[in-house]
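These notes concern the structure reproduced below.
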Amino acid sequence: MIALYLPQFHPIPENDEWWGKGFTEWTNTAKAKPLFKGHYQPHVPADLGFYDLRVSEVRVAQAELAASYGIEGFCYYHYWFAGKQVLERPFREVLKSGKPDFPFCLCWANETWTGIWHGAPNRILVEQTYPGEADHRAHFDTLREAFFDPRYIKVQGKPLFAIYKPMHLPDANRVTDLWREMAVQAGLPGLHLVGMGGYDWNPLDYGFDASSSRRLPPRKKWVSPLNPIEWLKNLYSTSLDIPTTYRHADVLDKLMPDEVKSHINYPTVLHAWDNTPRSGKNGLVIHDSSPELYGRCLRRAIDLGIGRPLDERVVFLKSWNEWAEGNHLEPDLKYGHKFLEIVRQEVFK
């Protein structure tokens, strides 16, 4: 059980410049408002409060809480933009300090950052580019220390490294071959590369060892209010019930992990979703999220891995702390520990 982990809960100069001094993901979370009757917003943290990830005690408390409910590691989102790292401080301090003593791996969140959800779809904040081999070599060199850390999660002895948008990686086979070669030269047995893609691709064709798939129901096409004719057309041709809203029970089949026979697939299990704190009426809401329904998805994901070797029985949990997407296993004032209790129940069953 590996929970995806967002490091955007501390201020950085880039966010200060783009969104105002002191901006963190808590800014979006705290300003959220209900957009329809019964809409659960804002989400207010319980046990850990509105924390700052620069504080070591917070990171230790997170790991202790996760471990007590059967979560076995964090997968930290890692941001690399052609030599520029962003939001790297929390993980760098985890690496340097040795605390928390809790397993981890990394996922390269290789997406361009834009202002689309803030009414500025053409505003590029940081562009994700792929300059070539020298950049890929430099990228691997920044990861080397983490791969050798004894806490790093491995499959068949190889560090597990995930890429969020594998299909965006130009000439992926050449890149994955290069990184595996560099890993062996560094003294590792190789890398276990996971593409966080959908069900309609085979990671083996692109140099990956496995995929990890998640599912979300479709969202209405986003149209900027700066284009008023198209915005009104979109508004009235679909539904006045904006944001796009689904009841958890009604979309359970879409969230349920599928069996994939062509390759290794590690399911990504979603327990809730509401990104309106970031996206407002352009967001997507899975309404009336239920721990019981989450348990059914999680049980299915676990069952799919039962026949595999022990270190290939991987399930990704989305997510540990995506507060502005409404999918946080960290306790809030409404559900408390209920979703975490489901994780413990299904793991130890």
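So that you can map any letter, position 151 of the sequence shown is 1065 in the working numbering, and since no number is skipped, the others follow by simple counting.
Where is the CB? At the ideal position from N, CA and C, for every residue including glycine.
### Query
Of all the options LEU1212, PHE923, ASN1024, LEU1107, which has the alpha carbon lying nearest to the alpha carbon of GLN1042?
It is ASN1024.
### Query
Taking the alpha-carbon positions, what's the SER1151 to GLN976 distance?
Confidence at SER1151 is low in this model, with a pLDDT of 47, below 50, so its placement is unreliable and the value that follows should be read with caution. About 45 Å.
### Query
Under 7 Å, do TRP1234 and ALA960 count as touching if we go by C-beta distance?
Against a cut-off of 7 Å, the Cβ pair of ALA960 and TRP1234 comes out as no contact.
### Query
Can you list, in chain order, the residues of its chain whose CB lies under 7 Å from that of LYS1248, leaving out five sequence neighbours each side?
Excluding sequence positions up to five before and after LYS1248, its CB lies within less than 7 Å of the CB of TYR954, all in the same chain and listed in chain order.
### Task
Might you give, ordered along the chain, the residues of its own chain that have their beta carbon closer than 6 Å to the beta carbon of ILE1067, omitting 5 neighbours on each side?
So the list reads GLY987, PRO1017, CYS1019, LEU1074, once near-sequence residues are dropped.
### Task
Figure out for me which residue from ASP966, GLU1236, PRO1171 has the closest Cα to the Cα of THR1190.
The alpha carbon of THR1190 has as its nearest neighbour, out of ASP966, GLU1236, PRO1171, the alpha carbon of GLU1236.
### Outcome for GLU1059 when other beta-carbon atoms lying within 10 angstroms are tallied against a minimum of 16
Classification for GLU1059: exposed.
### Task
Using alpha carbons as the reference points, say which of PRO1080, ASP1085, PRO1064 lies closest to TYR1113.
The candidate whose alpha carbon is nearest that of TYR1113 is PRO1080.
### Message
Quick check on LYS951: does DSSP put it in helix, strand or coil?
### Response
Of the three classes helix, strand and coil, the one that applies to LYS951 here is coil, per DSSP.
#### Entry: Residue span of the alpha helix (DSSP H) that contains PHE995, given as start and end
It is not in any alpha helix (DSSP H) - PHE995 instead sits in the beta strand (DSSP E) that spans 987-995.
### Message
Quick check on DSSP: helix, strand or coil for LEU1218?
### Response
Annotated three-state conformation of LEU1218 is helix, per DSSP.
### Query
Between the C-alpha atoms of GLY934 and TYR1078, what's the straight-line distance to the nearest angstrom?
Straight-line measurement puts the Cα of TYR1078 at about 28 Å from the Cα of GLY934.
### Query
Would VAL969 be called buried (16 or more neighbouring beta carbons within 10 Å of its own) or exposed?
With fewer than 16 other beta carbons inside 10 angstroms of its own, VAL969 counts as exposed.
### Message
For LYS917, list the residues DSSP reports as bridge partners.
### Response
With the sequence shown as reference, residue 917 is identified as Ala, and Lys is not the correct amino acid for it. BP columns for ALA917 point to PHE988, LEU1231.
#### Entry: Closest Cα partner of LEU1118 within the set THR1090, GLY1104, LEU1102
Nearest to LEU1118 by alpha-carbon distance, out of THR1090, GLY1104, LEU1102, is THR1090.
### Message
My output table needs one value for PRO1245: the three-state DSSP class, helix, strand or coil.
### Response
Of the three classes helix, strand and coil, the one that applies to PRO1245 here is coil, per DSSP.
### Query
What span of residues does the alpha helix (DSSP H) with ILE1256 cover, start to end?
Residues 1252-1262.
### Cutoff 7 Å; reference GLY1109; Cβ partners in own chain excluding five residues on either side
Correct list, in chain order: ILE1077, PRO1080, PRO1117, TYR1120, PHE1122, SER1125.
### Query
Is the stretch 1002-1010 touching the stretch 1044-1051 in the sense that three or more CB pairs, one from each, lie closer than 8 Å?
Between the stretch 1044-1051 and the stretch 1002-1010, the count of Cβ pairs shorter than 8 Å is below three; the stretches do not touch.
### Query
What number of angstroms, rounded off, separates the C-alpha of ASP1164 from the C-alpha of LEU1083?
Straight-line spacing of the CA atoms in ASP1164 and LEU1083 works out to 35 Å.
### Closest by C-alpha distance to LEU920, when choosing among HIS1177, TRP1022, GLU931
Of the listed residues, the one whose Cα sits closest to LEU920 is TRP1022.
### Secondary structure of ARG1058, DSSP reduced to three states
Assignment of ARG1058 by DSSP, reduced to helix, strand and coil, places it in the helix class.
#### Entry: Given 8 Å, three or more beta-carbon pairs between the stretch 1188-1204 and the stretch 935-953
Contact holds: three or more Cβ-Cβ distances are below 8 Å.
#### Entry: Beta-carbon proximity of LEU1107 to VAL1183, cut-off 7 Å
No, the pair does not count as a contact, with Cβ atoms beyond the cut-off.
### Task
Measuring alpha carbon to alpha carbon, tell me which of PHE995, TYR990, ASP1015 ends up nearest ARG1003.
With distances taken between CA atoms, ARG1003 lies nearest to TYR990 out of PHE995, TYR990, ASP1015.
### Message
Assuming contact is defined by CB atoms lying nearer than 7 Å, are ARG1129 and LYS1175 in contact in what I supplied?
### Response
It is not a contact, given that the beta carbons lie outside the stated cut-off.
### Query
How is HIS1201 classed by DSSP in three states: helix, strand or coil?
Note: HIS1201 maps to strand in three-state DSSP.
### Message
Measuring alpha carbon to alpha carbon, tell me which residue in MET915, ASP1015, VAL1098, LEU1212 is nearest GLY984.
### Response
In terms of CA proximity to GLY984, MET915 leads the group MET915, ASP1015, VAL1098, LEU1212.
### Query
Once you ignore the five residues that flank HIS1251 on each side, which residues in its own chain have a CB closer than 7 Å to its CB?
Here HIS1251 has PRO1245 as same chain residues with Cβ atoms under 7 Å from its own Cβ, once five neighbours each way along the sequence are excluded.
### Residue span of the alpha helix (DSSP H) that contains LYS945, given as start and end
Unbroken alpha helix (DSSP H) run through LYS945: 939-945.
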